[in-house]
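In what follows, a single structure is set out as structure tokens and then discussed.
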Amino acid sequence: MSATNENTEKLKRKYRGRTSESEMELILLHHSRGISNTYISKILQIPRSTVVTNIKRMKEGKPFLPQGGDRRSLLNDENKKTLHGWVEKDPTITLKELQQKTLELLGVKCSLSTIKRSLKTFDYTIKVISTKPQQIDSSSIIDDRFVSADLFKKMSANLDIKQFIFMDLMQYSIELVINKRDEANTESTYSSKSDIKIRHIFILAGMNKCGIISYKIYEDPIDMEIFQNFLMELKRELLQTDICDPIFIFNDAISQKYHGITKMVEDEKMKVFYVPQHSWYILHPIEQCFIKWRKYVQRDRVQNEGQLNQSMENGFVIITEQDCKEYYNEMLKYLDKTLNKEIID
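Quick note on full-length UniProt numbering: the sequence shown kicks off at 1 and runs consecutively.
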């Protein structure tokens, strides 16, 4: 086979997504010469699983039946540029409207999925959600942020830093892909079969400048009872470390979500500092802890759910006292900027 024909054959394979008769003949020829499946896959640039399947069919006496079809897009590069231009001019245009426009103006009849794939690498959705109902750094927001920062600064001036307990809750969706061993396949160690399990994780955590104090990982959504029990347990743990008069700092949205929390903290005579939405930087220390936890779990190469559970536990263990001090000091820098009425990036 000449170099030109070989390149043409590879180009065709890209669009066909299947094995041609000539490729099948080469597979059987190399196999008859005792060349390994892995090396055949490498020299022909065909997936090893495809090589194994075709050889197995040959051994079983099954006929070779080419499958698949032409996968080339109905839209050429020029059509795609035109499509992108329409979306640039009108970001709210729907796929259905684009389909109709493509037929009328370009003379190409294609499916919605074809149009969607053409826009896959074209970031247009951000144009729809970028509208802001309120300026983040408007004068009123800067003034409100100053009031919260001033209150926090005055409160922290007369207290031990250890008394400030930053709390937050987070929800994560973890997708775990579990490969299954195909016992019937003697040629390959693993088959293409796999299970995808999505676990929804809910986490409550509390920390101060000295480190993580307590955390809980839940499989079910956190309701008022769970939040209350965690808060009471956290208070008991603080007593054991001689922190008898803590000030719990958490997002004002929590008091709105759990309507009974305000009354509970009043009955228990707990001190709470509710952080307004526009003063998010006050919760910077605990948010950074969650970010470090997430990065650790994402990078850990777990193989099963048992390892995932251990990884989630280890994600908090690796957060050091030095980390928490740095997060707290970064928060103080934000605080100073706010007191100077500077814009926070």
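Glycine residues also receive a C-beta, built at the ideal position from the N, C-alpha and C atoms.
Just so we're clear, the structure is a prediction, and the values are computed from it rather than from any experiment.
Practice item. Answer with buried or exposed for C324, where buried requires no fewer than 16 other C-beta atoms within 10 angstroms of its C-beta. Key: Locating residue 324 in the sequence shown gives position 324, where the first residue counts as 1. Only buried fits C324, as 16 or more other CB atoms lie within 10 angstroms of its CB.
Exercise for review: Provide the residue(s) that pair with S214 in DSSP beta bridges, ordered along the chain.
Suggested key: Here residue 214 refers to the residue found at position 214 of the sequence shown. Its beta-bridge partners are G206.
Practice item. Determine the burial state of N314: buried for a count of at least 16 other Cβ atoms within 10 Å of its Cβ, exposed for fewer. Key: The sequence position of residue 314 within the sequence shown is 314, counting from 1. With fewer than 16 other Cβ atoms from the protein chains shown falling within 10 Å of its own Cβ, N314 counts as exposed.
Review point. Do S255 and S148 have their C-beta atoms within less than 8 Å of each other?
Key: Numbered from its first residue, the sequence shown carries residue 255 at position 255. Numbered from its first residue, the sequence shown carries residue 148 at position 148. It is not a contact, given that the beta carbons lie outside the stated cut-off.
Review point. With respect to the beta strand (DSSP E) encompassing Y328, which residues constitute its N-terminal and C-terminal limits?
Key: Your numbering for residue 328 matches position 328 in the sequence shown. For Y328, no beta strand (DSSP E) run applies; the uninterrupted alpha helix (DSSP H) run containing it begins and ends at 321-339, by DSSP.
Check your understanding: How should I261 be labelled, buried or exposed, when 16 other C-beta atoms within 10 angstroms of its C-beta is the threshold for buried?
Key -> Sequence index remark: in the sequence shown, residue 261 carries index 261 (1-based). Under this definition I261 is a buried residue.
Check your understanding: How many Å lie between L106 and Q288 at the Cα?
Key -> To locate residue 106, count along the sequence shown from 1; it is residue 106. To locate residue 288, count along the sequence shown from 1; it is residue 288. L106 and Q288: Cα-Cα distance of roughly 50 Å.
Point to revise | Collapsed DSSP secondary structure at N54 in the structure displayed | key: Translated into the one-based positions of the sequence shown, residue 54 becomes position 54. N54 falls in the helix class under three-state DSSP.
Exercise for review: Have a look at I203, D144, D150 and flag the residue whose alpha-carbon is nearest the alpha-carbon of M170.
Suggested key: Within the sequence shown, residue 170 is the residue found at index 170, counting from 1. Considering only alpha carbons, the answer is I203.
Check your understanding: For the beta strand (DSSP E) that contains V275, what are its first and last residues?
Key -> Within the sequence shown, numbered from 1, the residue matching residue 275 stands at position 275. Per DSSP, the continuous beta strand (DSSP E) segment holding V275 begins and ends at 271-275.
Review point. Hey, out of I247, V275, Q277, whose CA is closest to residue 367's CA?
Key: Residue 367 cannot be examined here, being either before or after the span of the chain that is shown, 1 to 345.
Point to revise | Cβ shell of I212 (< 6 Å), same chain only, five flanking positions each side left out | key: Position 212 of the sequence shown, counted from the start, is the residue given in the question as residue 212. F316, I319, listed in sequence order.
Check your understanding: Which class does R181 belong to by DSSP, given the choice of helix, strand or coil?
Key -> As a working mapping, residue 181 is identified with position 181 in the sequence shown. Annotation note: pLDDT 48 at R181 (below 50); position unreliable, no value reported.
Check your understanding: So I249 is in the beta strand (DSSP E); what residue range does that whole segment cover?
Key -> For the purposes of this step, residue 249 is taken as the residue at position 249 of the sequence shown. Note, I249: beta strand (DSSP E), 247-251.
Exercise for review: Would you mind reading off the limits of the alpha helix (DSSP H) that contains L95?
Suggested key: Taking the sequence shown and counting its residues from 1, one reaches residue 95 at position 95. Residue range 95-101 is occupied by the alpha helix (DSSP H) that includes L95.
Exercise for review: Closer than 8 Å by C-beta to D267: which residues in its own chain qualify, once you throw out the five before and the five after it? Chain order, please.
Suggested key: Your numbering for residue 267 matches position 267 in the sequence shown. Taking C-beta separations shorter than 8 Å and ignoring five residues to either side along the sequence, D267 has no partners in its chain.
Check your understanding: Is the distance from the Cβ of V275 to the Cβ of D245 below 8 Å?
Key -> Taking the first residue of the sequence shown as 1, we reach residue 275 at position 275. Taking the first residue of the sequence shown as 1, we reach residue 245 at position 245. The beta carbons of V275 and D245 sit no closer together than 8 Å.
Review point. Which class does Q171 belong to by DSSP, given the choice of helix, strand or coil?
Key: Locating residue 171 in the sequence shown gives position 171, where the first residue counts as 1. Q171: strand per DSSP, three-state reduction.
Check your understanding: Starting from V265 and walking both ways along the alpha helix (DSSP H), at which residues does that stretch end?
Key -> Walking along the sequence shown from the start, residue 265 turns up at place 265. Its alpha helix (DSSP H) spans residues 261-267.
Point to revise | Rounded separation between Y218 and K42 - CA only | key: On the sequence shown, residue 218 is found 218 positions in, with the first residue counted as 1. On the sequence shown, residue 42 is found 42 positions in, with the first residue counted as 1. Each residue's alpha carbon lies about 46 Å from the other.
**Study point:** Environment of S140 [buried if 16+ CB atoms lie within 10 Å]
**Key:** Taking the first residue of the sequence shown as position 1, residue 140 is located at position 140. By the neighbour-count rule (16 or more Cβ atoms within 10 Å), S140 is not buried but exposed.
Check your understanding: If we call anything under 8 Å between Cβ atoms a contact, is S118 one with K80?
Key -> Numbered from its first residue, the sequence shown carries residue 118 at position 118. Numbered from its first residue, the sequence shown carries residue 80 at position 80. For S118 and K80, yes; Cβs fall inside 8 Å.
Exercise for review: Compare the Cα-Cα distances from W293 to each of Y327, M312, K116 and report the closest residue.
Suggested key: Residue 293 sits at position 293 when you count from the first residue of the sequence shown. For W293, the closest C-alpha among the options Y327, M312, K116 is that of M312.
Check your understanding: Mind checking N37: buried by the 16 CB within 10 Å criterion, or exposed?
Key -> Start at 1 with the first residue of the sequence shown, and residue 37 comes out as number 37. Buried: at least 16 other Cβ atoms inside 10 Å.
Exercise for review: Quick one: measure Cβ to Cβ for I344 and Y334, integer angstroms, because I've assumed they're closer than 8 Å.
Suggested key: Here residue 344 is taken as the residue at index 344 of the sequence shown, counted from 1. Here residue 334 is taken as the residue at index 334 of the sequence shown, counted from 1. Contact between I344 and Y334 is confirmed by a C-beta separation of about 6 Å, below the 8 Å threshold.
Practice item. Indicate whether L95 and K109 have their beta-carbon atoms separated by less than 8 Å. Key: Here residue 95 is taken as the residue at index 95 of the sequence shown, counted from 1. Here residue 109 is taken as the residue at index 109 of the sequence shown, counted from 1. With a cutoff of 8 Å on beta-carbon distance, L95 and K109 are scored as not near each other.
Review point. Which word fits H200, buried or exposed, when buried means at least 16 other C-beta atoms lie within 10 angstroms of its C-beta?
Key: Within the sequence shown, the letter at position 200 stands for residue 200. The residue in question, H200, is exposed, as its Cβ has fewer than 16 Cβ neighbours within 10 Å.
**Study point:** Rounded straight-line distance, which links the Cα of F164 to that of D144
**Key:** Along the sequence shown, read from residue 1 onward, the residue named residue 144 stands at position 144. Along the sequence shown, read from residue 1 onward, the residue named residue 164 stands at position 164. Spanning the two alpha carbons is a distance of roughly 22 Å.
Point to revise | As assigned by DSSP and simplified to three states, the class of I198 | key: Taking the sequence shown and counting its residues from 1, one reaches residue 198 at position 198. Looking at I198 - three-state DSSP - the assignment turns out to be strand.
Check your understanding: What is the C-beta distance between L44 and L26, in whole angstroms, given that I count them as a contact (C-beta under 8 Å)?
Key -> Mapped onto the sequence shown, residue 44 falls at position 44. Mapped onto the sequence shown, residue 26 falls at position 26. Between L26 and L44 the Cβ distance is about 6 Å, and since that is below 8 Å, they are a contact.
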